[in-house]
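All remarks here apply to the structure that follows.
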Ligand code: UFG
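Residue numbers (my numbering): 12 to 331.
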């Protein structure tokens, strides 16, 4: 298939681009490099530096059969203090992209949505029909785009899939997380292990969980890439599907730190700090729907393996 990957210079977009190329697809990456890296775009993909707002001429020229849309601002904390950036980039940008698709007669899209659309859950594992009550602007903007996709499917026969990611981690195809502002647990712990940071803070150990630290559902980026390839051809025109993507197993912050110590052989000094605002105690996905509908199964559910892959790539890049 001829596909356009918006945000293909970022962590997840670049890994999925590599998987698409491996699967024989023809890929054009569109990325404004606001947070991505040109050298992360896999060899074999064409690269166009442009924003979503500038995407219309690119789509008119490429004439993709499908779009995979990863381009977004994704820092929860920043979204609370600079909401206009999130409404403009995530919602305004997505609208511009959908309009560019319509003009180029491309009506198939896979969108990167998030567990943050659910907010504080009433139950875990979280199914797709759980209430969506985002507790931050980031989650609210992703939920708005999910609603946009439903409208476009109904009105314009788009075939759309929203994949609601839980905690994406690990590395593949030599590509890992490289954020200028790093807020995610595993990369931070690996930087401490490598001596690039002196220590790290565990945000709260008084949660109602077995060891008192928050529980999250870590999914290997390769498993996430598999899901995108399956989702690409799944919906019929007029259909908008929503799938959660997680391992279905939660690990606590303490378990992650222990896994980093085990994999790296380094001590990883930690301090225990206050809770981080807006962190639910437990976020674990029910991925039953995508397993049943598309036959997806995570091939790398093991936490140690996820951490090991992230560590190897970060070390190879001299970053951890
Ligand atoms: N944590 C620490 N110390 C750190 C960093 C994180 O204790 O230095 C803890 C957090 O409090 C949380 C867990 O580690 O309990 C995971 O935190 P991350 O920041 O790695 O990930 P989040 O669960 O906050 O965020 C993820 C996605 C977001 C998405 C969110 C949905 O990365 O994009 O899930 O709630 F919005």
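From the three backbone atoms N, C-alpha and C, an ideal C-beta is built for every residue, glycine too.
Nothing here was measured: the structure is a model prediction, and the numbers come from that model.
May I ask you to report which of helix, strand or coil DSSP gives residue i?
i	result
residue 189	coil
residue 135	coil
residue 22	helix
residue 231	strand
residue 37	strand
residue 282	strand
residue 78	strand
residue 195	coil
residue 310	coil
residue 113	helix
residue 258	coil
In the DSSP assignment, find the unbroken alpha helix (DSSP H) run with residue i in it and report its ends.
i	result
residue 64	Here residue 64 belongs to no alpha helix (DSSP H), and DSSP marks it neither H nor E.
residue 149	148-167
residue 129	It is not in any alpha helix (DSSP H) - residue 129 carries neither H nor E in the DSSP assignment.
residue 210	Looking at the DSSP string, residue 210 is not in any alpha helix (DSSP H), and its letter there is neither H nor E.
residue 44	Segment: none, residue 44 is in no alpha helix (DSSP H) and carries neither H nor E.
residue 97	94-97
residue 267	264-275
Can you check which of these residues, the options, is closest to residue i by C-alpha distance?
i	options	result
residue 100	115, 117, 81 and 116	81
residue 207	146, 325 and 235	325
residue 93	38, 149, 312 and 158	149
residue 172	159, 45 and 141	159
residue 209	277, 89 and 216	277
residue 157	184, 67, 224 and 121	121
residue 91	288, 264 and 259	288
If we call anything under 8 Å between Cβ atoms a contact, is residue i one with residue j?
i	j	result
residue 233	residue 175	no
residue 77	residue 114	no
residue 118	residue 168	yes
residue 63	residue 19	no
residue 55	residue 21	no
residue 261	residue 226	yes
residue 291	residue 132	yes
residue 88	residue 194	yes
Would you kindly work out how many angstroms separate the C-alpha atoms of residue i and residue j, rounded to a whole number?
i	j	result
residue 52	residue 28	8 Å
residue 98	residue 152	6 Å
residue 129	residue 178	14 Å
residue 84	residue 40	17 Å
residue 256	residue 190	22 Å
residue 170	residue 295	27 Å
residue 106	residue 283	42 Å
residue 318	residue 246	33 Å
residue 162	residue 268	43 Å
residue 281	residue 196	12 Å
residue 334	residue 266	Because the chain here runs from 12 to 331, residue 334 falls outside it and cannot be looked at.
Measuring only between beta-carbons, confirm whether residue i sits less than 8 Å from chain C.
i	result
residue 284	Absent from the structure is chain C; it holds one protein chain and no more.
Got a sec, what are the start and stop residues for the beta strand (DSSP E) residue i sits in?
i	result
residue 173	170-176
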